[in-house]
Amino acid sequence: MNEENLKVILAASLAATFKPDYMTNDKIEAATKGHGSLVIPVFCAANSLAEDTFGGISAPEMRLMSSMTMIDASFPHIPLDQVIEKAVKEAMQAGASPENAALLVASLAYFCGTCARAGVPMGNRKLGAIARMHAGAARTSAIALVTSKFTHRVPAFPAYLAVYEHLMDKKLTRVDGSVLPPFIAGGAIYGHSALGEDYNFPELARNAARIGTEAMMNSMNGAGITAYPLWPAFIGATVAMELVHPDAFLGEKYGAFGSVDSAYLAGKGAIEAAKLPEKLHIRGTRDELDSARVIGDFGLILKDIGGPSVIGSMALNEIFAGFEESSVIGAGFSGGPVNPPLGHLCGDVVPALRLMMKHGGDVFSVAEEIKNYKMKSFIDPEMSLCALNTIARKAEEVSRGPISRACILAGEDVRDRAIYRRATAVYNLLKSGKKIEDAARTLDEERKAYVEMRGSAVLSAFTGKKISLKFTALRAQARRTDRFTDKFWGFDSFISYDVEIDDKKYHIEDLSAKTVPDFALLGKGRDDPNMGTAIFAGAVLAQELQYIGHTIINITIPAAVGALLGEEEKSASKKAEDGAYLTRAIPGARKNALDVARIARKIYSSLNQPSEGMPSSL
């Protein structure tokens, strides 16, 4: 390796990482104020909670872990109040509205070990209400809730409608209030005795949550979308907890006194209807949680939280991507195997918090475990870790802390290696006579081959079938004719591929404009049990390629190296974007590539200047 080579690679690498915004086409500056995404507020809230909960590594006496549970809720103020208030302020400063800030903080505090409620009957505290009051949000009901956006989103009304129709028809519980003598309902003879704890509470909570969940899933299907189960379960449990005594304990057949409450039975009804697994496991730590407990507790949280917007629902969905079962429960995209746009990348926050507990605040140990599980759970772990590094660095611009720092460290070495490898490859290609656009296209072709290979292996493991997929066409304009979509293929993609499923071969022609509509509307292929899998496989791998706007080094690096080897900067950035036909999924890369090329030239020029005039000590 000669001196020119070293200086070109160094200058291009430093320029590409000059600021997080140059790593991506995603508009992450907007995320710092919550426009369209709450990923930055999630990181900021988590940083605040981690600092207050775990304290400094060398100062265990400053940690609040033992004071976060609300076990003794009788005091006017408890340490949790201060922790929540500070975290809420951090989330709001980062752009979250009061209702969304309350939701994010309560959710993250719950996974730090805070119980959903404590104190009966005085000193009654609920986590959702604490967060809402510190945020200054208005109390609404579960009717204000809306599912996460899965193309569309569905408000909570169907759950209310179904539950209250059953309620009026006296179908939710065997207990008929019209036959009760005076002074029974509302007192200990009911609420702390057999009629309530053994019969009414369990029936009402479980049935209401089940019916509400089913109504939400049916409504999502009616809107033409898949009924991903997590949010229907949330809303079903929440509507149930709006109705049922939220602090009620249940009879001995459900468990020892105080161990099982009405929220747990609501969670049970919701997960049964949604067909959620009984146990959930946090990535990295493998901590096992009871699904019914989690869903029921979130019913309690959500009923008190206020009225979060759809981006709040989306953020909570992504927070639940921190579970290993995220793809099964319909949680967010950031748990893999596809790496989504940066606005979704909240899935590592809960694992980071739990790993922080496991490792006593050691961010280096936490970072290594995050890196390890992401290397195993993503189709393209290199790009996944680059993306995490980018969004965590952007979060640090707003509010620094141990969670964002651990996430930066998790991807730092992988990102630097990815850039170094590309800069070296582009330098060698250009020196051998290749054009900038050829070099950029080569990088994209290499990534496509990698996604096909590793993606086939990931899909095989997920489905239990032997799957092998090769794309035959990836280009713009499956059905549109305008200039914009002709340039940026992510907005109207023509996708064709060959896929083999357990030795049976399929050719899928024009996935998005032809095959999927024919399957959904005309029933074509539905008689073949493998056709759904064939469509699913292509959709997964195609979207892994479509969402590459989160990391655009296949454009910025060729532009920078090309400029350093003599190409005019504007020309270099244009040629790099033109060549990277896959990374050019959405607009914005050319501008970033131009800036990177200019910075690279500035750095390179400085590297070649003599050091005269510098202080002798240097």
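The sequence shown maps to residues 560 to 1177 in our numbering. Yeah, the Cβ is synthetic: ideal placement off N, Cα and C, and Gly gets one too.
### Task
Assuming Leu835 contacts Ser818 (C-beta within less than 8 Å), just tell me the rounded distance between them.
Counted from its first residue, the sequence shown places residue 835 at position 276. Counted from its first residue, the sequence shown places residue 818 at position 259. The Cβ separation is near 21 Å, so there is no contact.
### Task
Out of Phe1043, Tyr1163, Ala767, Ser666, point me to the one whose CA is closest to Ala1144's CA.
Sequence index remark: in the sequence shown, residue 1144 carries index 585 (1-based). Ranking the options by Cα distance to Ala1144, first place goes to Phe1043.
#### Entry: Among Leu859, Leu848, Pro1169, the one whose alpha carbon lies nearest that of Arg684
One-based indexing of the sequence shown puts residue 684 at position 125. Closest option to Arg684, Cα to Cα, is Leu859.
### Query
Does DSSP classify Pro714 as helix, strand or coil?
As a working note, residue 714 is residue 155 in the sequence shown. Shown here, Pro714 sits in a strand according to DSSP, grouped into three states.
### Three-state secondary structure (DSSP) of His840
Sequence index remark: in the sequence shown, residue 840 carries index 281 (1-based). DSSP places His840 in strand when its eight states are reduced to three.
### Query
Once you ignore the five residues that flank Leu809 on each side, which residues in its own chain have a CB closer than 8 Å to its CB?
Here residue 809 is taken as the residue at index 250 of the sequence shown, counted from 1. Taken in chain order, the residues that qualify are Glu756, Asp757, Phe760, Pro761, Val819, Asp820, Ser821, Tyr823, Leu824.
### Task
Check whether the Cβ atoms of Asp585 and Pro899 sit closer than 7 Å, and answer yes or no.
Here residue 585 refers to the residue found at position 26 when the sequence shown is read from its first residue. Here residue 899 refers to the residue found at position 340 when the sequence shown is read from its first residue. No, they are not a contact pair.
### Task
Jot down the residue ranges of each uninterrupted alpha helix (DSSP H) in the segment 1035 to 1087, minimum 4 residues, whole runs only, in chain order.
Runs found: 1042 to 1046.
### Query
Which first and last residues belong to the beta strand (DSSP E) in which Asp863 is found?
Residue mapping note: residue 863 aligns to position 304 of the sequence shown, counting from 1. Careful: Asp863 lies outside any beta strand (DSSP E), inside the alpha helix (DSSP H) at 850 to 863.
### Query
Using the C-alpha atoms, what's the distance from Glu928 back to Glu1103?
Taking the first residue of the sequence shown as position 1, residue 1103 is located at position 544. Taking the first residue of the sequence shown as position 1, residue 928 is located at position 369. Here the alpha carbons of Glu928 and Glu1103 stand approximately 23 Å from one another.
### Task
Pull up the distance between the alpha-carbon of Ala1101 and that of Asn987, whole angstroms please.
In the sequence shown, the residue the question calls residue 1101 occupies position 542. In the sequence shown, the residue the question calls residue 987 occupies position 428. Going by the C-alpha atoms only, they are around 29 Å apart.
### Message
If I measure Cβ to Cβ from Gly855 and keep anything under 6 Å in the same chain, skipping five residues before and after, which residues do I get?
### Response
Taking the sequence shown and counting its residues from 1, the one referred to as residue 855 is at position 296. Within the same chain, Gly855 has close Cβ partners Ala796, Ala822, Tyr823, Ala825, Gly826.
### Query
Rounded to a whole number of angstroms, what is the C-alpha to C-alpha distance between Lys708 and Met873?
What you label residue 708 is simply residue 149 of the sequence shown in a count that begins at 1. What you label residue 873 is simply residue 314 of the sequence shown in a count that begins at 1. Across the structure, Lys708 and Met873 are spaced so that their CA atoms are roughly 6 Å apart.
### Query
Would you say the segment 575 to 590 touches the segment 641 to 648, given that touching needs at least three Cβ pairs under 8 Å?
Below 8 Å, too few C-beta pairs join the segment 575 to 590 and the segment 641 to 648 to call them touching: fewer than three.
### Query
Roughly how many angstroms separate the alpha carbons of Ala570 and Tyr1163, rounded to a whole number?
Here the question's residue 570 lines up with position 11 in the sequence shown. Here the question's residue 1163 lines up with position 604 in the sequence shown. Using only the alpha carbons, I get a separation of about 5 Å.
### Message
The alpha helix (DSSP H) that contains Lys827, what's its start and end?
### Response
One-based indexing of the sequence shown puts residue 827 at position 268. Run containing Lys827: 821 to 833, per the alpha helix (DSSP H) assignment.
### Task
Quick one: using the 10 Å Cβ neighbour count with 16 as the cut-off for buried, is Ala618 buried or exposed?
Position 59 of the sequence shown, counted from the first residue, corresponds to residue 618. Because Ala618 carries a pLDDT of 48, less than 50, the predicted location of this residue cannot be relied on, and the following value inherits that uncertainty. Ala618 should be labelled exposed.
#### Entry: Cα-Cα separation, Leu763 to Ser700
Reading the sequence shown from its first residue, position 204 is the one you call residue 763. Reading the sequence shown from its first residue, position 141 is the one you call residue 700. In this structure, the straight-line span from the alpha carbon of Leu763 to that of Ser700 is close to 18 Å.
#### Entry: Environment of Ser1015 [buried if 16+ CB atoms lie within 10 Å]
Numbered from 1 along the sequence shown, position 456 holds the residue referred to as residue 1015. Counting of Cβ neighbours within 10 angstroms places Ser1015 among the buried residues, the total reaching 16 or more.
### Task
Could you name the residues of the same chain whose beta carbon sits closer than 7 Å to that of Glu1005, not counting the 5 residues immediately before and after it, in chain order?
Mapped onto the sequence shown, residue 1005 falls at position 446. Hits under 7 Å: none found.
### Among Leu1018, Ser1052, Val985, Lys1046, the one whose alpha carbon lies nearest that of Val567
The residue you call residue 567 lines up with position 8 of the sequence shown. Per the C-alpha coordinates, the member of Leu1018, Ser1052, Val985, Lys1046 positioned closest to Val567 is Val985.
### Query
Considering Asn1178, what are the terminal residues of the alpha helix (DSSP H) in which it resides?
Limits of the chain in this structure are 560 at one end and 1177 at the other, which puts residue 1178 out of reach.
### Validate contact between the segment 1083 to 1096 and the segment 867 to 886 using beta carbons, cut 8 Å, 3 pairs
In this structure the segment 1083 to 1096 does not touch the segment 867 to 886; the number of beta carbon pairs closer than 8 Å is below three.
### Query
In three-state terms, what does DSSP make of Ile637?
Translated into the one-based positions of the sequence shown, residue 637 becomes position 78. The answer is coil: DSSP assigns Ile637 none of H, G, I, E or B.
### Task
Tell me, to the nearest whole angstrom, how far the beta carbon of Leu912 is from that of Cys671; I am working on the premise that it is less than 8 Å.
For the purposes of this step, residue 912 is identified with residue 353 of the sequence shown, where counting begins at 1. For the purposes of this step, residue 671 is identified with residue 112 of the sequence shown, where counting begins at 1. Distance from Leu912 to Cys671 at the Cβ level is roughly 6 Å; contact confirmed, criterion being Cβ atoms closer than 8 Å.
### Message
Rounding to the nearest angstrom, what Cα-Cα distance links Glu847 and Phe742 in this structure?
### Response
What you label residue 847 is simply residue 288 of the sequence shown in a count that begins at 1. What you label residue 742 is simply residue 183 of the sequence shown in a count that begins at 1. The C-alpha of Phe742 is placed about 43 Å away from the C-alpha of Glu847.
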